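Trainee:
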Amino acid sequence: MKVKKVNVGLVGLGMVCESHLKAYSAHPDAEVIAVCDLDAARLKEIANKYGIPKTYTAYEQMLQDPEINTVDITTPTILHSPMALAAAMAGKNILCEKPFCLTLTEGQEVCEAAHTQGVTLMVGESYIFMTSLKQARTLIDAGEIGKPQQIRQQFGSWVERPGVLETGRPVTDDHRGWRMDSKKAGGAGFPWMFDHCVHFFATAEYLMGSRIKEVYALKSDISWMKTAYQVDEGETHVYRPEDSGDIPIITWTYDDLACQGVWMRAETLNGKFDPMYGFSLSIIGDQGMIEVLGEGGRGLQWMGESTHLVLHRKDKETRTFRFDEGGDDIWQSEVSYYSKAHQNQINEFIDALIHGRKPSYTGEDGKRDVQTTMAAICSAKEGRPVRVKDVTDLRFAKIPEANA
Ligand SMILES: NC(=O)c1ccc[n+]([C@@H]2O[C@H](COP(=O)([O-])OP(=O)(O)OC[C@H]3O[C@@H](n4cnc5c(N)ncnc54)[C@H](O)[C@@H]3O)[C@@H](O)[C@H]2O)c1
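Structure representation (structure tokens):
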């Protein structure tokens with residue numbers, strides 16, 4: 186739905202919300218006019234900090250506000266589809282955080298409602314808006330590495346931050362325990378992977394320019410990480426074996442069978458952090474290769490200089506790129522570009538609304554990456570490759586008795 190000015194009501198004032206609020210504040214065509222959270226103290230704190238005039242503790246009430254034309258949903262995953270559906274029915278444009286849905290059926294329902302109601306629906310897939318990955322895509326589109334043939338990713342799982350190792354406290358302690366509970370975070374026994382895999386698959390399709398066809402994921406024993414895999418239950422921290430499914434490595438093929446990809450968990454290999462490369466990605470083409478160096482690697486050096494993207498080409502000089510984007514004040518990482526990625530993503534959303542066009546990552550895209558994530562989890566459970574198109578809610582829902 187085309188609008189002259191984007192008047193936002195944002196729901197869910199947890200960890201991710203401030204990157205969204207900062208992005209809207211910096212844009213001349215948008216304003217957050219209302220915020221909503223169950224936590225009244227947090228509501229007051231955020232409204233004061235960002236000068237937001239209206240506050241709600243009931244989402245349904247916020248949706249009735251006629252001044253709001255757009256809703257931004259940054260609540261736990263279990264609420265994404267129900268809240269997005271209600272927003273569509275109230276005639277509001279929607280930006281909904283990833284993962285878009287817990288089931289494919291509910292995701293489809295939201296896409297259909299948005300279409301019928303004539304509202305715009307974008308899913309907040311921040312990775313494809315990282316400046317370094319956008320630059321990689323520009324270089325690929327310009328033919329700098331020839332035809333991309335293979336992508337290798339080393340990201341996440343964010344479970345074992347240095348602070349967590351030291352204190353034995355779960356990283357989820359910062360932002361509540363829902364993330365490790367499949368009922369609230371999705372994943373049928375693999376909640377942590379469900380929360381994060383969508384990023385890896387969105388990136389894998391964005392840079393390779395082909396759809397993922399089949400995935401093969403390994404399952405591992407995470408008993409050595411029991412302190413990290415805990416959930417807040419009141420005052421105590423409870424290890425939940427039924428929700429501790431872990432996947433350290435995923436491989437996949439594309440519709441273009443000459444292409445393939447692999448993701449490996451970057452952080453905790455036998456309790457050791459990989460300090461040299463941290464999070465990184467490479468794309469190999471038939472004429473060259475791109476390396477994108479990211480969060481977590483303290484030794485990101487190239488010829489003595491720290492760089493963030495390296496372009497290697499056949500018979501040409503190697504080029505390096507830095508992206509100095511003011512550091513990171515939200516995500517507890519040394520060289521992360523997440524804040525800027527969220528800003529880029531929200532700029533795209535606002536631009537799509539002002540010009541009445543489709544955003545570059547839609548509800549259908551969000552649903553597709555959830556389906557690929559489900560395929561990875563099915564594959565880990567069944568110990569064999571799974572085609573993305575074969576995954577249905579029913580097949581995915583088969584929950585193991587205990588994963589660890
Ligand atoms: N794209 C990214 O890089 C990125 C990064 C972090 C989180 N996320 C996603 O953002 C979403 C939120 O994550 P988070 O870390 O901010 O979570 P969080 O737990 O820190 O915050 C969730 C907030 O929602 C509020 N809430 C819960 N139920 C509510 C309700 N019924 N009505 C109103 N408010 C309610 C909670 O009180 C809390 O303040 C998740 O889906 C997560 O996957 C995305």
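If you read the sequence shown in our numbering, its first letter stands for residue 186, the second for the next number, and so on.
Glycine included, every Cβ here is placed at the ideal spot set by N, Cα and C.
Note that this is a predicted model, so its numbers are computed, not measured.
1) Does DSSP put HIS384 in a helix, a strand or coil?
2) Indicate whether GLN339 and PHE508 have their beta-carbon atoms separated by less than 8 Å.
3) How would you label LEU195, buried or exposed, when you count the other beta carbons within 10 angstroms and need 16 or more for buried?
4) What does the Cβ neighbour count give for HIS493, buried or exposed, with the cut at 16 atoms within 10 Å?
5) Quick check: is any heavy atom of ligand 1 less than 7 Å from the C-beta of MET596?
6) So GLN334 packs on ILE469, CB below 8 Å; how close in whole Å?
7) From the DSSP output, in three-state form, read off LEU579 for me.
8) Helix, strand or coil: which one does DSSP assign to LEU478?
9) Measure the alpha-carbon distance for THR421 versus ILE231 and round it to whole angstroms.
10) Here's a check: name, in chain order, each residue in its chain whose Cβ is nearer than 8 Å to the Cβ of GLY551, leaving out the five neighbours to either side.
11) Please classify ASN529: is it buried, with 16 or more other beta-carbons within 10 angstroms of its beta-carbon, or exposed?
12) Distance, Cα to Cα, VAL555 vs SER524?
13) Taking 6 Å as the limit between beta carbons, can you name the residues of its chain near VAL447, skipping five residues before and five after?
14) Note down the Cα distance separating HIS265 from ALA370, rounded to an integer number of angstroms.
15) With DSSP collapsed to three states, give me the class of ASP167.
16) With a threshold of 7 Å, establish whether the CB of VAL193 neighbours any heavy atom of ligand 1.
17) Counting Cβ pairs, one atom from each stretch, are 3 or more of them under 8 Å apart for the stretch 263–279 and the stretch 299–308?
18) Name the residue from TYR209, GLY511, VAL571, LYS229 whose alpha carbon lies nearest to the alpha carbon of THR438.
Mentor: The structure says:
1) helix
2) no
3) buried
4) buried
5) Because residue 596 is not part of the residues shown, which for the chain are 186 to 589, the question remains open.
6) 6 Å
7) helix
8) strand
9) Its pLDDT being 45, under 50, THR421 is placed unreliably in this model, and the coordinates cannot settle the point.
10) CYS281, LYS283, PRO284, PHE285, CYS286, GLY292, VAL308, GLU310, VAL383
11) buried
12) 23 Å
13) ARG337, THR436
14) 10 Å
15) Here the chain covers residues 186 to 589 and nothing more, so residue 167 does not appear.
16) no
17) yes
18) VAL571
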